[in-house]
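With the working numbering applied, the sequence shown covers 140 to 385. Every residue gets a Cβ at the ideal spot worked out from N, C-alpha and C, and that includes glycine.
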Amino acid sequence: MRLKDQNALITGAGQGIGKDIALGMAREGAHVAVADINFETAKATAQEVKERGVQCIALKLDVSKQDEVISAFETFMKERGRLDILVNNAGITRDALIMRMKEDDWDAVININLKGTFLCSKEAVKIMVKQHHGKIISISSVVAFTGNPGQVNYSASKAGIAGFTKTIAKEYATRGIKVNAVAPGFIQTVMTEAIPEKVKEEMKKSIPLGYFGKPEDVANAVIFLASKEADYITGQVFHINGGMYM
Ligand code: NAP
């Protein structure tokens, strides 16, 4: 029970990595808000979380819309009264080589992955400053550090998260707020299942451990960073990639 009675809000938690983080945090005793643009998956995940014996609310939230973010944090605080952990997990891809990338695809990825992280963190920091305590963990990506053809928007958004993390870690260290990121490699979720088998086999060759990660591999690192065991860690990016990038 490493997170007993902690209050966590996780974005994009209706499915994939965010869902595993929600379930893993509940296993460790945290009360969770499952926030997702897809309210149906958010409600279904919230039901599974509740079955673990903790309290859980589902929130309909598009992280790229400031009014929705403000209202989701208000609802959360009315329900829970304290915010100990924010996980900025919501993210999308809209891949294309730069010459073919549409402005809309650039904007959508930057708005959800990077601006969404800014908007949610801003609301969290306002609350955490008053509490003199809190943890913010954002999901970056290995491609922020390696680059990846076809993902100029995505890699830029995820590299932005790394710089963003270090800056707010410095801004609020003296106020008891710890800010870190995790950078997953290739994790088996809906986001990656569309990649053709042949390409996946090629990708495996670039992973020293020789296999793809699972959502729980990322969730375990996020839970560690959220726990007391990680209280002296701030401003860091944890790499979870089977050795793909060292
Ligand atoms: P996923 O299965 O697609 O899940 C992402 C969730 O975020 C979905 O429930 C999605 O809802 C939701 N979402 C999308 N736009 C949103 C918005 N504007 N506001 C709130 N929620 C929104 O993806 P995943 O693989 O679990 O990825 C989770 C995070 O890890 C992302 O930030 C991703 O970039 C990062 N990551 C993933 C991998 C990987 O290999 N899977 C590697 C590195 C980093 P809808 O499906 O309804 O749109």
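Beta-carbon spacing of Val321, Ser277 below 9 Å: Closer than 9 Å, so yes.
Could you check whether the stretch 208-218 touches the stretch 178-189, counting it as contact only if at least three pairs of C-beta atoms, one from each stretch, sit closer than 8 Å? Because the criterion of three Cβ pairs below 8 Å is not met, the stretch 208-218 and the stretch 178-189 do not touch.
Where Asn359 sits in the DSSP three-state scheme: Of the three classes helix, strand and coil, the one that applies to Asn359 here is helix, per DSSP.
By how many angstroms is the C-alpha of Gly163 removed from the C-alpha of Ile307? Looking at the two C-alpha atoms, the distance is approximately 26 Å.
Does Phe178 come out as helix, strand or coil in the three-state DSSP assignment? DSSP places Phe178 in helix when its eight states are reduced to three.
Are the beta-carbon atoms of Val202 and Asn177 separated by less than 9 Å? Not in contact: Val202 and Asn177 (Cβ atoms no closer than 9 Å).
C-beta contact flag for Gly168 and Leu148 at 9 Å: No, the pair does not count as a contact, with Cβ atoms beyond the cut-off.
When we look at the beta-carbon of Thr313 and count the other beta-carbons within 10 Å, is it buried (16 or more) or exposed? Burial is judged here by how many other beta carbons sit within 10 angstroms of a residue's own beta carbon; Thr313 has fewer than 16 and is exposed.
Which residues does DSSP list as the beta-bridge partners of Lys158? In DSSP, Lys158 forms no bridge with anything.
Pick helix, strand or coil for Pro323, following the three-state DSSP scheme. Note: Pro323 maps to strand in three-state DSSP.
Going straight from the alpha carbon of Asn292 to that of Lys339, what length do you get? If you take the alpha carbons of Asn292 and Lys339, they lie about 21 Å apart.
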